[in-house]
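Chemist: The structure follows.
Numbering (this note's numbering), first residue to last: 898 to 1042.
Given below as structure tokens:
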């Protein structure tokens, strides 16, 4: 029996709070974290040190023109913002990336939308390159000098 595809299935996006009213399980590990500082940016800099950001910026800016695209000219600050946005998107999941920038009440996520425009985010996303290819011929025209 073949399924009936004559009626399109419509997905409806709803905002729903997670009501967790139980006690959290006890933490059994050590309360030791090797990050200097107490601000979110300190944690981010621990995960993404300056040399990693610099390499990622360099490789992203080198890669884009090699693929026949306009150079995105991403900066270190933009790369940190881009990576931070992706971390937030990993915790707060929407079905489509552009929904974080929505003008619709209840969808727009200010911490993302105010940090970078959707167009700039997508431009960096399409060009993002964290490392130089290691194999010969992976990107035959990729030059690092």
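Don't be surprised by glycine CBs; every beta carbon is placed ideally from N, CA and C.
(1) With respect to the alpha helix (DSSP H) encompassing residue 943, which residues constitute its N-terminal and C-terminal limits?
(2) Where does residue 966 land, buried or exposed, given buried means 16+ other C-beta within 10 angstroms?
(3) So, under 8 Å CB-CB, residue 957 and residue 1025 are touching, yes? Tell me the CB distance rounded to an integer number of Å.
(4) Taking only the alpha-carbon atoms, compute the straight-line gap between residue 1000 and residue 994 and give it to the nearest angstrom.
(5) Assess, as a yes-or-no matter, whether the region 920–936 is touched by the region 976–990 under the definition of 3 or more beta carbon pairs within less than 8 Å.
(6) Cα separation between residue 1023 and residue 968?
(7) CA-CA distance, residue 942 and residue 1003?
(8) So, for residue 1011: in the same chain, excluding its five sequence neighbours on each side, which residues have a beta-carbon less than 8 Å away from its beta-carbon?
(9) The alpha helix (DSSP H) with residue 983 in it runs from where to where?
(10) How is the alpha helix (DSSP H) around residue 1003 delimited, first residue to last?
(11) Given that a residue counts as buried once 16 or more other Cβ atoms are within 10 Å of its Cβ, and exposed if not, what is residue 980?
Modeler: With the given structure in hand:
(1) If you number the chain shown from 1, residue 943 lands on position 46. That run of the alpha helix (DSSP H) goes 937–944.
(2) Along the chain shown, one-based indexing puts residue 966 at 69. Residue 966 is exposed by the Cβ-count criterion.
(3) For the purposes of this step, residue 957 is identified with residue 60 of the chain shown, where counting begins at 1. For the purposes of this step, residue 1025 is identified with residue 128 of the chain shown, where counting begins at 1. Yes, they are in contact, since the Cβ atoms of residue 957 and residue 1025 sit about 6 Å apart, within 8 Å.
(4) Residue 1000 sits at position 103 when you count from the first residue of the chain shown. Residue 994 sits at position 97 when you count from the first residue of the chain shown. About 13 Å.
(5) no
(6) On the chain shown, residue 1023 is found 126 positions in, with the first residue counted as 1. On the chain shown, residue 968 is found 71 positions in, with the first residue counted as 1. C-alpha separation (whole angstroms): 11 Å.
(7) Here residue 942 is taken as the residue at index 45 of the chain shown, counted from 1. Here residue 1003 is taken as the residue at index 106 of the chain shown, counted from 1. Residue 942 and residue 1003: Cα-Cα distance of roughly 30 Å.
(8) Start at 1 with the first residue of the chain shown, and residue 1011 comes out as number 114. Nothing meets the Cβ criterion.
(9) Within the chain shown, the letter at position 86 stands for residue 983. Residues 973–988.
(10) To locate residue 1003, count along the chain shown from 1; it is residue 106. Premise fails: residue 1003 is in no alpha helix (DSSP H) and is neither H nor E.
(11) Taking the chain shown and counting its residues from 1, the one referred to as residue 980 is at position 83. With 16 or more Cβ atoms within 10 Å of its Cβ, residue 980 is classed as buried.
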